[in-house]
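J.: Numbering (numbering that gives the first Met the number 0), first residue to last: 0 to 233. A single structure is presented below for examination.
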Amino acid sequence: MELAGKIAVVTGVSRGIGLATVEALLEKGAKVAGWGRTAPELQHENFHLFECDVRRADSVQLAYKQTVEQLGGHVSVLVNNAGLGRSAKLEEQSLDDWHLMFDTNVHGLFYCTRLVVPGMKEMEEGHIINISSIAGTTGVEEMSGYCATKHAVRGISHSLYKEVREYGVKVTCIYPGSVQTNFFDNIDSVTANENMMRPEDIAATILHALESHPNYHHVDIEVRPLMPKGKRQK
0 MELAGKIAVV TGVSRGIGLA TVEALLEKGA KVAGWGRTAP ELQHENFHLF ECDVRRADSV
60 QLAYKQTVEQ LGGHVSVLVN NAGLGRSAKL EEQSLDDWHL MFDTNVHGLF YCTRLVVPGM
120 KEMEEGHIIN ISSIAGTTGV EEMSGYCATK HAVRGISHSL YKEVREYGVK VTCIYPGSVQ
180 TNFFDNIDSV TANENMMRPE DIAATILHAL ESHPNYHHVD IEVRPLMPKG KRQK
(Lines of atoms letter the chains of each structure in order from A and count residues from 1; the text may use other names and numbers.)
(Lines give C-alpha, C1' and ligand atoms only; values in the text may rest on other atoms or scores of the structure.)
Protein backbone atom coordinates (compact mmCIF):
# COMPACT_ATOMS: atom_id res chain seq x y z
CA MET A 1 0.00 0.00 0.00
CA GLU A 2 1.14 3.52 -0.77
CA LEU A 3 0.78 5.24 2.62
CA ALA A 4 1.10 8.89 1.60
CA GLY A 5 -2.20 10.69 2.17
CA LYS A 6 -3.92 7.62 3.63
CA ILE A 7 -5.75 7.73 6.97
CA ALA A 8 -4.15 5.48 9.57
CA VAL A 9 -5.56 4.86 13.04
CA VAL A 10 -3.26 3.70 15.84
CA THR A 11 -4.50 2.85 19.33
CA GLY A 12 -2.39 3.23 22.46
CA VAL A 13 -0.18 6.03 21.12
CA SER A 14 1.22 7.67 24.25
CA ARG A 15 4.54 5.77 24.12
CA GLY A 16 6.19 2.48 23.20
CA ILE A 17 5.16 0.59 20.08
CA GLY A 18 2.18 2.87 19.44
CA LEU A 19 4.22 6.07 19.41
CA ALA A 20 7.01 4.51 17.32
CA THR A 21 4.40 3.35 14.79
CA VAL A 22 2.82 6.80 14.62
CA GLU A 23 6.22 8.35 13.92
CA ALA A 24 6.99 5.79 11.22
CA LEU A 25 3.63 6.35 9.50
CA LEU A 26 4.08 10.13 9.59
CA GLU A 27 7.47 9.76 7.88
CA LYS A 28 5.63 7.98 5.06
CA GLY A 29 3.16 10.83 4.65
CA ALA A 30 0.11 9.21 6.25
CA LYS A 31 -2.54 11.18 8.09
CA VAL A 32 -2.45 9.55 11.52
CA ALA A 33 -5.30 9.48 14.02
CA GLY A 34 -4.25 8.45 17.51
CA TRP A 35 -7.01 6.93 19.58
CA GLY A 36 -6.09 7.00 23.24
CA ARG A 37 -6.56 8.51 26.66
CA THR A 38 -3.12 10.12 26.89
CA ALA A 39 -1.49 12.35 24.29
CA PRO A 40 2.08 11.54 23.25
CA GLU A 41 4.83 14.13 23.30
CA LEU A 42 4.53 14.69 19.58
CA GLN A 43 3.74 17.68 17.42
CA HIS A 44 3.11 17.09 13.71
CA GLU A 45 0.67 18.63 11.27
CA ASN A 46 -0.54 15.19 10.17
CA PHE A 47 -1.01 13.76 13.66
CA HIS A 48 -4.41 14.12 15.30
CA LEU A 49 -5.27 12.80 18.76
CA PHE A 50 -8.87 11.77 19.35
CA GLU A 51 -9.48 11.09 23.02
CA CYS A 52 -10.71 7.53 23.28
CA ASP A 53 -11.05 4.74 25.81
CA VAL A 54 -11.03 1.57 23.71
CA ARG A 55 -12.74 -0.31 26.55
CA ARG A 56 -15.95 1.62 25.82
CA ALA A 57 -17.83 1.10 22.57
CA ASP A 58 -19.40 4.56 22.71
CA SER A 59 -15.99 6.21 23.11
CA VAL A 60 -14.62 4.30 20.12
CA GLN A 61 -17.68 5.20 18.06
CA LEU A 62 -17.14 8.91 18.78
CA ALA A 63 -13.43 8.73 17.93
CA TYR A 64 -14.25 7.01 14.65
CA LYS A 65 -16.88 9.62 13.77
CA GLN A 66 -14.49 12.47 14.52
CA THR A 67 -11.70 10.82 12.53
CA VAL A 68 -13.62 10.32 9.30
CA GLU A 69 -15.25 13.76 9.53
CA GLN A 70 -12.09 15.71 10.32
CA LEU A 71 -9.64 13.78 8.15
CA GLY A 72 -12.07 13.29 5.29
CA GLY A 73 -12.38 9.71 4.14
CA HIS A 74 -12.32 6.05 5.05
CA VAL A 75 -9.66 4.57 7.31
CA SER A 76 -7.06 2.66 5.27
CA VAL A 77 -4.91 1.37 8.14
CA LEU A 78 -5.81 0.29 11.67
CA VAL A 79 -3.10 -0.70 14.14
CA ASN A 80 -4.71 -2.31 17.18
CA ASN A 81 -1.86 -1.72 19.60
CA ALA A 82 -3.57 -0.78 22.88
CA GLY A 83 -3.03 -3.53 25.40
CA LEU A 84 -1.87 -4.38 28.90
CA GLY A 85 -1.09 -7.29 31.17
CA ARG A 86 -1.45 -8.12 34.84
CA SER A 87 0.34 -11.12 36.35
CA ALA A 88 -1.06 -13.49 38.95
CA LYS A 89 -1.78 -17.13 39.54
CA LEU A 90 -5.18 -17.88 38.04
CA GLU A 91 -6.91 -18.45 41.38
CA GLU A 92 -5.39 -15.23 42.73
CA GLN A 93 -6.20 -13.02 39.73
CA SER A 94 -8.51 -10.21 40.76
CA LEU A 95 -11.79 -9.90 38.87
CA ASP A 96 -10.99 -6.26 38.14
CA ASP A 97 -7.65 -7.09 36.49
CA TRP A 98 -9.19 -9.98 34.53
CA HIS A 99 -11.91 -7.74 33.12
CA LEU A 100 -9.43 -4.89 32.51
CA MET A 101 -7.31 -7.12 30.29
CA PHE A 102 -10.24 -8.50 28.30
CA ASP A 103 -11.92 -5.10 27.99
CA THR A 104 -8.72 -3.53 26.64
CA ASN A 105 -7.01 -6.31 24.69
CA VAL A 106 -10.03 -8.08 23.18
CA HIS A 107 -13.18 -5.96 23.41
CA GLY A 108 -11.27 -2.81 22.46
CA LEU A 109 -9.86 -4.50 19.37
CA PHE A 110 -13.37 -5.64 18.39
CA TYR A 111 -14.91 -2.18 18.91
CA CYS A 112 -12.25 -0.52 16.73
CA THR A 113 -12.10 -3.13 13.98
CA ARG A 114 -15.82 -3.49 13.37
CA LEU A 115 -16.08 0.21 12.47
CA VAL A 116 -13.29 0.37 9.88
CA VAL A 117 -13.98 -2.87 8.01
CA PRO A 118 -17.00 -1.64 5.98
CA GLY A 119 -15.06 1.31 4.57
CA MET A 120 -12.07 -0.85 3.72
CA LYS A 121 -14.30 -3.32 1.89
CA GLU A 122 -15.89 -0.45 -0.02
CA MET A 123 -12.46 0.86 -1.09
CA GLU A 124 -11.24 -2.70 -1.76
CA GLU A 125 -8.09 -1.74 0.11
CA GLY A 126 -7.13 -1.70 3.75
CA HIS A 127 -4.85 -3.26 6.31
CA ILE A 128 -5.53 -4.15 9.93
CA ILE A 129 -2.51 -4.86 12.11
CA ASN A 130 -3.22 -6.64 15.40
CA ILE A 131 -0.49 -6.67 18.03
CA SER A 132 -0.69 -9.96 19.86
CA SER A 133 2.30 -11.43 21.73
CA ILE A 134 4.38 -14.57 22.03
CA ALA A 135 1.90 -15.14 24.86
CA GLY A 136 -0.72 -15.57 22.14
CA THR A 137 0.98 -18.74 20.92
CA THR A 138 1.83 -20.47 24.19
CA GLY A 139 1.12 -20.48 27.92
CA VAL A 140 3.08 -18.42 30.44
CA GLU A 141 3.11 -19.15 34.15
CA GLU A 142 1.19 -16.56 36.20
CA MET A 143 -0.01 -14.86 32.99
CA SER A 144 -3.09 -16.95 32.19
CA GLY A 145 -5.40 -13.96 31.81
CA TYR A 146 -3.02 -12.10 29.52
CA CYS A 147 -2.32 -15.24 27.48
CA ALA A 148 -6.05 -15.80 27.11
CA THR A 149 -6.55 -12.32 25.66
CA LYS A 150 -3.66 -12.66 23.22
CA HIS A 151 -4.86 -16.08 22.08
CA ALA A 152 -8.19 -14.34 21.42
CA VAL A 153 -6.42 -11.71 19.30
CA ARG A 154 -4.88 -14.52 17.25
CA GLY A 155 -8.25 -16.22 16.75
CA ILE A 156 -9.96 -12.99 15.73
CA SER A 157 -7.16 -12.19 13.28
CA HIS A 158 -7.22 -15.60 11.61
CA SER A 159 -11.00 -15.56 11.26
CA LEU A 160 -11.22 -11.98 10.03
CA TYR A 161 -8.59 -12.27 7.31
CA LYS A 162 -10.58 -15.09 5.75
CA GLU A 163 -13.69 -12.89 5.79
CA VAL A 164 -12.12 -9.86 4.09
CA ARG A 165 -9.32 -11.16 1.86
CA GLU A 166 -11.50 -11.30 -1.27
CA TYR A 167 -12.20 -7.58 -0.82
CA GLY A 168 -8.50 -6.74 -1.02
CA VAL A 169 -8.26 -6.15 2.73
CA LYS A 170 -5.38 -7.60 4.75
CA VAL A 171 -5.21 -8.64 8.40
CA THR A 172 -1.80 -9.22 9.96
CA CYS A 173 -1.18 -10.51 13.47
CA ILE A 174 2.21 -9.75 15.01
CA TYR A 175 3.59 -11.73 17.94
CA PRO A 176 6.44 -9.84 19.61
CA GLY A 177 8.66 -11.27 22.27
CA SER A 178 9.95 -8.88 24.91
CA VAL A 179 10.03 -5.20 23.90
CA GLN A 180 11.48 -2.26 25.83
CA THR A 181 8.18 -0.64 26.83
CA ASN A 182 6.21 0.34 29.92
CA PHE A 183 4.31 -2.95 29.64
CA PHE A 184 6.60 -4.40 32.30
CA ASP A 185 5.84 -1.63 34.80
CA ASN A 186 3.10 -3.84 36.23
CA ILE A 187 4.95 -7.16 35.91
CA ASP A 188 7.04 -7.61 39.05
CA SER A 189 9.08 -10.54 37.72
CA VAL A 190 10.46 -8.73 34.64
CA THR A 191 12.16 -5.37 34.11
CA ALA A 192 12.53 -3.76 30.69
CA ASN A 193 16.17 -3.83 29.58
CA GLU A 194 18.48 -3.22 26.63
CA ASN A 195 18.44 -6.88 25.55
CA MET A 196 14.80 -6.57 24.58
CA MET A 197 13.65 -5.42 21.15
CA ARG A 198 13.08 -1.72 20.55
CA PRO A 199 9.63 -0.25 19.81
CA GLU A 200 10.98 1.12 16.52
CA ASP A 201 11.87 -2.45 15.48
CA ILE A 202 8.20 -3.43 15.75
CA ALA A 203 7.17 -0.26 13.93
CA ALA A 204 9.55 -1.14 11.08
CA THR A 205 7.97 -4.58 10.83
CA ILE A 206 4.52 -2.99 10.68
CA LEU A 207 5.63 -0.69 7.85
CA HIS A 208 7.13 -3.62 5.95
CA ALA A 209 3.80 -5.45 6.07
CA LEU A 210 1.79 -2.35 5.14
CA GLU A 211 3.94 -1.49 2.12
CA SER A 212 3.95 -5.00 0.63
CA HIS A 213 2.46 -5.78 -2.80
CA PRO A 214 -1.37 -5.84 -2.81
CA ASN A 215 -1.43 -9.59 -3.47
CA TYR A 216 1.23 -10.39 -0.83
CA HIS A 217 -0.22 -11.00 2.60
CA HIS A 218 1.64 -11.40 5.89
CA VAL A 219 -0.79 -13.39 8.04
CA ASP A 220 1.40 -14.08 11.09
CA ILE A 221 4.70 -12.45 12.03
CA GLU A 222 6.62 -13.68 15.08
CA VAL A 223 9.53 -11.52 16.23
CA ARG A 224 11.93 -12.02 19.13
CA PRO A 225 15.14 -10.48 20.46
CA LEU A 226 18.13 -12.35 19.06
CA MET A 227 19.99 -12.40 22.38
CA PRO A 228 17.41 -11.93 25.14
CA LYS A 229 20.05 -12.48 27.84
CA GLY A 230 22.74 -10.46 26.09
CA LYS A 231 25.99 -11.71 24.58
CA ARG A 232 27.38 -14.88 26.06
CA GLN A 233 30.23 -14.49 28.47
CA LYS A 234 33.54 -15.79 27.13
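All C-beta atoms, glycine included, are put in the ideal place defined by N, C-alpha and C.
Taking only runs that begin and end inside the segment 14–78, name each unbroken beta strand (DSSP E) of 3 or more residues, in chain order.
T.: With a minimum length of 3 residues, the continuous beta strand (DSSP E) runs that stay inside the segment 14–78 are 30–35, 46–50.
J.: Check whether the Cβ atoms of TYR174 and ILE128 lie closer than 7 Å to each other.
T.: no
J.: Compute the Euclidean distance between the alpha carbons of ALA62 and GLU50, then round it to the nearest angstrom.
T.: Cα to Cα, ALA62 sits roughly 7 Å from GLU50.
J.: In this structure, how does DSSP classify GLU1 when only helix, strand and coil are distinguished?
T.: In the structure shown, GLU1 falls within a coil segment according to DSSP collapsed to helix, strand and coil.
J.: Cα-Cα, which of LYS88, GLU124, ALA81, ASN214 is closest to ILE16?
T.: Looking at LYS88, GLU124, ALA81, ASN214, the one whose alpha-carbon comes closest to that of ILE16 is ALA81.
J.: Cα-Cα, which of TYR215, GLY144, SER131 is closest to ASP95?
T.: Answer by Cα proximity: GLY144.
J.: Pull up the distance between the alpha-carbon of GLY4 and that of MET122, whole angstroms please.
T.: 15 Å
J.: I'd like the span of the beta strand (DSSP E) that includes VAL8, first residue to last.
T.: 6–10
J.: Quick one: what's got a C-beta closer than 7 Å to GLN42's C-beta in the same chain, skipping five residues either side?
T.: none
J.: Between the C-alpha atoms of LEU245 and THR10, what's the straight-line distance to the nearest angstrom?
T.: Residue coverage of the chain in this structure runs from 0 to 233, which leaves residue 245 outside it and unanswerable.
J.: Taking contact to mean 3 or more Cβ pairs, one atom from each stretch, closer than 8 Å, check whether the segment 199–218 and the segment 155–175 are in contact.
T.: yes
J.: Could you name the residues that DSSP lists as bridge partners for HIS217?
T.: According to DSSP, HIS217 bridges with nothing at all.
J.: Given ARG223, which residues of its chain have a CB within under 6 Å of its CB, disregarding the five upstream and five downstream residues?
T.: GLY176
J.: Can you have a look at GLY138 and say buried or exposed, based on whether 16 or more other CB atoms are within 10 angstroms of its CB?
T.: exposed
J.: Who are the Cβ neighbours of GLY107 in its own chain at under 6 Å, not counting the five residues just before and after it?
T.: Taking GLY107 as the centre and dropping the five residues before and after it, the same chain places the C-beta of VAL53, ARG54, ALA81 closer than 6 Å to its C-beta, in chain order.
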